[in-house]
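Residue numbers (full-length UniProt numbering): 1 to 219.
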Ligand code: O7E
């Protein structure tokens, strides 16, 4: 089975561990806390040393186009970037998307977050924005599996990445069974005593879960 985990790196993980993990994950999501702790230069150097399919920078951008481009242009070592969708299209996401297209980089938009206080009453507006921008992928909390399934049906060609697994309460593999492409997992891996074996065990659980849900995974 292909790797289904995106490791959320909100905290420093030494290169020795990352090197052992690289064949076990699909992607690495670089969080703002990590960049503030290490500094941009060290993050850039660390990323250079690892061989992971997709490096995603997660600053959850939510600004005018000019400012978001100014952030992204300093981090072009990454493959893709995450922005909020509620900020709208004109003068904001349209400019960011064109810039990232020009640079051959991907854009993910947040559709629905994993925490209980997220307000889904803006969902129809968020869907309009997603339709207009046509991003590489969207983010939907693994705590909302019904929403994952309905987005998968409506936006079948857009990749879904799903956080909230492990520490935040969603079970390993549930988001994938609901139609997500990847699960984003942070603390359950990097706070473990043995992160490498922990990740291997999580991969096994996901694999078993996916085998059992296969018939139900939306096309
Ligand atoms: O709870 P953890 O430690 O497994 O980490 C979860 C990661 O997913 C963390 O980096 C957090 O910023 C991110 N996340 C959520 O937890 N909830 C969301 O709704 C959205 C994200 C996220 O990654 O958004 C962009 C992809």
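Ideal placement from N, C-alpha and C gives every residue a C-beta, glycine not left out. Note that this is a predicted model, so its numbers are computed, not measured.
Sequence-distant residues of the same chain with beta carbon closer than 7 Å to residue 12, five excluded per side: Position 12 of the chain shown holds residue 12. Closer than 7 Å at the Cβ level, and outside the excluded window around residue 12, lie 34, 37 and 38.
Burial state of residue 58, where buried means 16 or more other Cβ atoms lie within 10 Å: Position 58 of the chain shown, counted from the start, is the residue given in the question as residue 58. That one is buried.
For residue 86, the first and last residue of its enclosing beta strand (DSSP E): In the chain shown, residue 86 corresponds to position 86, counting from 1. Segment: none, residue 86 is in no beta strand (DSSP E) and carries neither H nor E.
Heavy atom of the ligand O7E within 7 Å of residue 187 beta-carbon: Here residue 187 is taken as the residue at index 187 of the chain shown, counted from 1. Answer for residue 187: yes, Cβ within range of the ligand O7E.
Run of the beta strand (DSSP E) containing residue 107, from where it starts to where it stops: Taking the first residue of the chain shown as position 1, residue 107 is located at position 107. Looking at the DSSP string, the run of the beta strand (DSSP E) that includes residue 107 is 106 to 112.
Exposure label - residue 219; buried when at least 16 CB within 10 Å: The residue you call residue 219 lines up with position 219 of the chain shown. Residue confidence for residue 219 is low, a pLDDT of 43 falling below 50, so the modelled location carries little weight; the figure read from the coordinates is stated next. With fewer than 16 other beta carbons inside 10 angstroms of its own, residue 219 counts as exposed.
Outcome for residue 32 when other beta-carbon atoms lying within 10 angstroms are tallied against a minimum of 16: Position 32 of the chain shown, counting from 1, holds the residue named residue 32. Answer is exposed; the Cβ neighbour count stays below 16.
Reduced DSSP secondary structure (H/G/I, E/B, other) of residue 10: Position 10 of the chain shown, counted from the start, is the residue given in the question as residue 10. In the structure shown, residue 10 sits in coil (DSSP, three-state: anything other than H, G, I, E or B).
Three-state secondary structure (DSSP) of residue 142: Here the question's residue 142 lines up with position 142 in the chain shown. In the structure shown, the three-state DSSP call for residue 142 is coil.
Continuous alpha helix (DSSP H) stretch holding residue 181: start and end: The count along the chain shown starts at 1 and reaches residue 181 at position 181. Per DSSP, residue 181 belongs to no alpha helix (DSSP H) and is neither H nor E.
Close-in-space but distant-in-sequence residues of the same chain around residue 190 (CB under 6 Å, 5 per side omitted): Taking the first residue of the chain shown as position 1, residue 190 is located at position 190. Same-chain partners within the cutoff: 11 and 13.
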